[in-house]
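Visitor: Mind looking over this structure? Questions follow.
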């Protein structure tokens, strides 16, 4: 694509497949050294091998502080630290409200919201210690705007990610670190195709301004922009990427 991210190290969580994999492919094409991280170690290795020389797989559980600490220690040793963080890892449930119990709620919040905090804490500490003008890009969801059913804990967690992004931008602006969120619509990713959400494309397409199915690359292109110097004056924002399904 370009070399606009040359010399940068980008960490993408949940990058073994789907949107995360598309993001690491794009950031590597733009010149970044990419850390392909996922709880699925073999999947992360396969994605990194497919990308080639600018990719390194490091397995990590974002909800486990010890695992995240080890992840950032390895990044420090490999590249000198992270410049770009993409918080992509999440669990996408399909659970009716009457079946949502406290265990389910805690599991979704622990990964989708608390995990985002744990990784961002480590990344921004590493950025500031190195004096880097960093980027934090968190993948939220347009379900927050739509109030999508069968996803109560997920919608709450992604709303939390949007609020966290706004506060983070205020906290970190003085260090020249930007924080933005991207809210995809329904995307034809590996996870969606293997879930009941795959049945919703027809309904969603009726609501879109443009027709067709959202692809992981649509999100990766936007993340690449936000990671670049072109987006240096953008922070605290939520960019909705769903072919105009939600207009706000």
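Residue numbers (our numbering): 1 to 248. A virtual CB, placed ideally from N, CA and C, is assigned to each residue, including glycine.
(1) Skipping 5 residues on each side, what residues in its chain have a beta carbon closer than 7 Å to that of residue 138?
(2) Let me confirm a value: residue 149 is counted as buried when at least 16 other C-beta atoms fall within 10 Å, else exposed. Which label applies?
(3) Just reading off the alpha helix (DSSP H) that residue 51 is part of, what are its end residues?
(4) Quick one: grab the DSSP three-state call for residue 149.
(5) Roughly how far, in whole angstroms, is the beta-carbon of residue 118 from the beta-carbon of residue 65, given that I think they are within contact range, below 8 Å?
(6) Near residue 232, what residues of its chain come up, given a Cβ to Cβ distance below 8 Å and the 5 sequence neighbours on each side ignored?
(7) When the Cα atoms are used, what is the spatial distance from residue 193 to residue 236?
(8) So, is residue 83 buried or exposed, given that buried needs 16 or more other C-beta atoms within 10 angstroms?
(9) Taking the C-alpha atoms as reference points, what is the distance between residue 69 and residue 53?
(10) Under the three-state reduction of DSSP, which class applies to residue 138: helix, strand or coil?
(11) Please name the residue, chosen from 144, 61, 124, 106, that lies closest to residue 81 on a Cα-to-Cα basis.
(12) What residue range does the alpha helix (DSSP H) around residue 108 cover?
(13) Would you kindly work out how many angstroms separate the C-alpha atoms of residue 197 and residue 158, rounded to a whole number?
(14) Could you tell me the distance, in whole angstroms, from the CA atom of residue 39 to the CA atom of residue 170?
(15) I'd like the span of the beta strand (DSSP E) that includes residue 216, first residue to last.
(16) Would you kindly check if the distance between the Cβ of residue 72 and the Cβ of residue 28 is under 9 Å?
(17) Have a look at residue 201 and residue 213 and give me their C-alpha separation to the nearest angstrom.
(18) Give the DSSP-derived three-state secondary structure of residue 189 in the structure shown.
(19) Taking buried to mean at least 16 other C-beta atoms within 10 Å of its own C-beta, is residue 94 buried or exposed?
(20) Output the distance between the C-alpha atoms of residue 104 and residue 153, rounded to the nearest integer angstrom.
(21) Restricting to Cα atoms, I'd like to know which of 211, 186, 32 is closest to residue 219.
(22) With distance defined between alpha-carbon atoms, name the residue in 10, 23, 12 nearest to residue 217.
(23) Which residues share a DSSP beta bridge with residue 34?
(24) I need the boundaries of the alpha helix (DSSP H) containing residue 124, first residue and last residue.
(25) Going by DSSP, name the residue or residues bridged to residue 172.
Guide: Answer, in terms of the structure:
(1) 87, 116, 161, 165, 181
(2) exposed
(3) 41-51
(4) coil
(5) 6 Å
(6) 133, 178
(7) 31 Å
(8) buried
(9) 24 Å
(10) strand
(11) 124
(12) 102-109
(13) 17 Å
(14) 30 Å
(15) No beta strand (DSSP E) holds residue 216; the alpha helix (DSSP H) holding it covers 216-227.
(16) no
(17) 7 Å
(18) coil
(19) exposed
(20) 8 Å
(21) 186
(22) 23
(23) 10, 55
(24) 115-130
(25) Paired residue(s): none; residue 172 is not in a bridge.
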